[in-house]
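Okay, structure first, notes after.
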Amino acid sequence: MDALLALSNELAGAVEQAARYVVGVNGRRRFGSTGVHWQQGLVVTADHTVEVDEDVTVTAPDGRTLTATVAGRDPAIDLAVLRVDAGDLAVAEITAEPARVGHIVLAIGRGPRASWGLVSAIGDGRRRRPETGDWLSLDLTLYPGFSGGPLIDARGRVVGMTTSGAARHFQIAIPAATVDRTLDELMRRGRIPRPYLGVGTQAVRLPEALRERLGTDQRTAVIIVDVQADSPAAAAGLMVGDVLVSLGGTRITEPGDLRAVLHPHQVGETVTLSVARGGEPREVRLTVGEKARRA
Amino acid sequence: MPLDFAGLADTLRRVTVEVTDDGAARGSGVLWPRGYVVTNAHVVRRSRVTIGTLERDHLQAHLVARSADDDLALLRLVGVELPTATVAETAARIGSLVVAVGHPFGLRGALTAGIVHAIGPIARNGVPWIHADVRLAPGNSGGPLADVSGAVVGINAMVAGGLALAVPISRVLDFVRSAGVAHP
Chain A
927 MDALLALSNE LAGAVEQAAR YVVGVNGRRR FGSTGVHWQQ GLVVTADHTV
977 EVDEDVTVTA PDGRTLTATV AGRDPAIDLA VLRVDAGDLA VAEITAEPAR
1027 VGHIVLAIGR GPRASWGLVS AIGDGRRRRP ETGDWLSLDL TLYPGFSGGP
1077 LIDARGRVVG MTTSGAARHF QIAIPAATVD RTLDELMRRG RIPRPYLGVG
1127 TQAVRLPEAL RERLGTDQRT AVIIVDVQAD SPAAAAGLMV GDVLVSLGGT
1177 RITEPGDLRA VLHPHQVGET VTLSVARGGE PREVRLTVGE KARRA
Chain B
478 MPLDFAGLAD TLRRVTVEVT DDGAARGSGV LWPRGYVVTN AHVVRRSRVT
528 IGTLERDHLQ AHLVARSADD DLALLRLVGV ELPTATVAET AARIGSLVVA
578 VGHPFGLRGA LTAGIVHAIG PIARNGVPWI HADVRLAPGN SGGPLADVSG
628 AVVGINAMVA GGLALAVPIS RVLDFVRSAG VAHP
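Chains as they are written, first to last, in this note's numbering: chain A, 927 to 1221; chain B, 478 to 661.
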């Protein structure tokens, strides 16, 4: 029983560690969510739990209420970053070591509350996201209010941010490296830019003949039904009726995929789109734009 | 070093009983203190109940004390010597591993494992409960929630929001003491 006891103590110690940097986030009308004091003055949480841009507060581990401002959002990965005057609040220990399938992990919610389980898969079983590193699928329960909290290893180090809002039927975590990348973007530009293409799309089935010509077994793609004037899509020469099959090598099987594959750091970068026009495959180079900010 | 959940299960099965009241299996109980069984108040409805262990059935026990507020009941075993559980001396820590043994849906001696999720009241200003991320079902009521050394940290009482709720061992000690029963 010694090994069990050692593991048990390690898990309890990990929760105590995490409790020093886990905060409550009060950004929606229903019950609050959880956040991680990721870097000095920056709290990371789940975007879907911050429904407002103003009057957001953060509850520190000692119960103090801190005023927060939304520093940026990346809805593609369900990430929001809050700026807080954190004072001497502990900063999370982030590990760059990638999580592996089978690792024992803990999800921590405000309070602290804890839930344990395993990394059950890398990826959410549907999309691969080579750009960002895949999401972690978890075999554990994310209880109400856990979203935005840390996924920690048995040493108390943060391996990701949990969210139940980004994928139906899955308990997932955004890997720490992905969160770091978005925070870097925030530091570099002073904001998290939102990628913009300027197309409206609908899902479309790929007939077998077209699949063969494209050399893919992909069954669906999206068809462009609108190209906004003066948009990156217009500049790249995309036209209504073009069938968009992949972007930057990642399959686009439904309109939601476009949002999921585009990340803030790609704003200003050129990506290659695989398109079928009149049944003919072609490649289109497009420079990703930035969505205008709300006034 | 192996993680010996099986050995832990054996230890706890020896001190976990099935409580039958009015002819129906109602839940579980813990053999503690010596000569007594602690269980939930909602498991016991009459003053005489039947106890079953791994080896023996139809053992008699009398109700000694009952507290609906704490959801605890204390039974005295009649004319039989049985092993006694070990109770934890310190409070459970959030995140620590815990196991539950009981008879969910009549499945005798079933083991489930998880961690302590939180310790706190269910309602505002209420008394603290152990909230555990452990799967329980009807039949676990009154059974032990134990740490991985096999020491009982709480008495399982209900399930809420998918979480197991257990009466912390400190409240069980107070209850047994107030019933006038000495314990080591």
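We put the CB at the ideal spot given by N, CA and C, even for glycine.
| query | result |
| --- | --- |
| Candidates A/D1152, A/P1001, A/E1134 and A/T983, of which the one nearest A/L1008 by Cα | A/T983 |
| Three-state class that DSSP yields for A/N935 in the structure shown | helix |
| Under 9 Å (Cβ pairs) to chain A, residues found in the stretch 481-501 of chain B | D481, F482, G484, L485 and T488 |
| Residue interval of the beta strand (DSSP E) (run including B/P645) | L640 to P645 |
| Close Cβ partners of A/L1136 (< 7 Å) along its chain, the five nearest in sequence each way excluded | A1202 and G1205 |
| Partners in chain A for B/V625, counting only beta-carbon separations shorter than 7 Å | M927, L930, L931 and S934 |
| Beta-carbon proximity check, B/P615 vs B/L489, cutoff 8 Å | no |
| Proximity of B/D499 and B/R533 at Cβ, strictly below 8 Å | no |
| Residues of the stretch 594-618 of chain B whose Cβ lies closer than 7 Å to any Cβ of chain A, in chain order | H594, A595 and D610 |
| Integer Cβ distance of A/V1187 from A/L1170, believed to fall under 8 Å | At roughly 11 Å, the Cβ-Cβ gap does not stay under 8 Å, so A/V1187 and A/L1170 are not in contact. |
| Identified DSSP bridge partners for A/P1207 | A/A1202 |
| Close beta carbons around A/R1054, own chain, < 6 Å, minus the five adjacent residues each side | Low local confidence applies: a pLDDT of 49 at A/R1054 is under 50, so the model's placement there is unreliable, with the coordinate-based value given in what follows. There are no such residues. |
| Nearest neighbour of B/A577, chosen from B/A568, B/A590, B/G583 and B/E566 [CA to CA] | B/A590 |
| Runs of beta strand (DSSP E) wholly within the stretch 947-973 of chain A (minimum 3 residues, chain order) | 948-952, 959-965 and 968-972 |
| Burial state of B/L650, where buried means 16 or more other Cβ atoms lie within 10 Å | exposed |
| Alpha carbon of A/L937 to alpha carbon of B/V515, nearest angstrom | 29 Å |
| A/G1086 - containing beta strand (DSSP E), residue span | V1084 to T1089 |
| Contacts of A/S1041 in chain B (Cβ-Cβ under 7 Å) | H594 and D610 |
| Continuous beta strand (DSSP E) stretch holding A/D1152: start and end | T1146 to V1153 |
| Rounded straight-line distance, which links the Cα of B/L574 to that of B/H660 | 26 Å |
| Proximity test, Cβ basis, 8 Å: A/P1133 and chain B | no |
| Under 7 Å by beta carbon: chain B residues contacting A/T1213 | In chain order: nothing, as chain B lies at least about 48 Å away. |
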